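A.B. asks: For the sequence shown, numbering that gives the first Met the number 0 assigns the number 138 to the last residue and increments by one with no breaks.
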Amino acid sequence: MPAHRHAKLIMEYANIAMVDDEPWKYFQIKKSSERWGDPCNLDLFDSFDEYRLKPTTFNINGYDIPLPMSEEPLQGEPVYIADIIGNRGSGYREVRYDHTFPWQRYAVLNGLAHETKAAAIQHSHAIISLTRKECGALK
0 MPAHRHAKLI MEYANIAMVD DEPWKYFQIK KSSERWGDPC NLDLFDSFDE
50 YRLKPTTFNI NGYDIPLPMS EEPLQGEPVY IADIIGNRGS GYREVRYDHT
100 FPWQRYAVLN GLAHETKAAA IQHSHAIISL TRKECGALK
């Protein structure tokens, strides 16, 4: 009989439950075509859904930013790059990763590439917060 599809995560859940009485807070769920989100209770590990441990974050000037991609994405994979000046100030640039473009490889290697648009925007806002001037300060 094959192992449950989420067996490794279930083991991780059990280990966390040994030290925290709300272990579901450490996980995220993705139902069918929805985005990753927090589960609202103990109803975890349905075989039709996807689960993962919440991404680790780091702090920039009070902003908790999900860790950027640590490995080069697959060719054509969607990537969101923290961008503080381009794309009409949106805070990110969405690309289909192409390793032949040096600037995309640079973004991954230097910790600016994220798996989600929200993480890239948050990263951009955090970087800008380090040097932001008050409105009207430029002359």
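Ideal placement from N, C-alpha and C gives every residue a C-beta, glycine not left out.
This structure is a prediction, so every number in the text was calculated from the model and none was measured.
Touching or not, the region 116-126 and the region 53-73, by the rule of three or more beta carbon pairs under 8 Å?
C.D. replies: The region 116-126 is in contact with the region 53-73.
A.B. asks: Please go through the same chain and pick out, in chain order, the residues whose beta-carbon is closer than 8 Å to the beta-carbon of L129, but skip the five residues on each side of it.
C.D. replies: The residues are I59 and N60.
A.B. asks: One question on the structure: do Y96 and E76 come within less than 7 Å of each other, judged by their Cβ atoms?
C.D. replies: Cβ distance < 7 Å, so Y96 and E76 count as in contact.
A.B. asks: Can you grab the Cα-Cα spacing for the pair I83 / P101, in whole Å?
C.D. replies: Distance between the alpha carbons of I83 and P101 is about 18 Å.
A.B. asks: Could you give the distance in angstroms between the alpha-carbon of A112 and the alpha-carbon of R51?
C.D. replies: Each residue's alpha carbon lies about 20 Å from the other.
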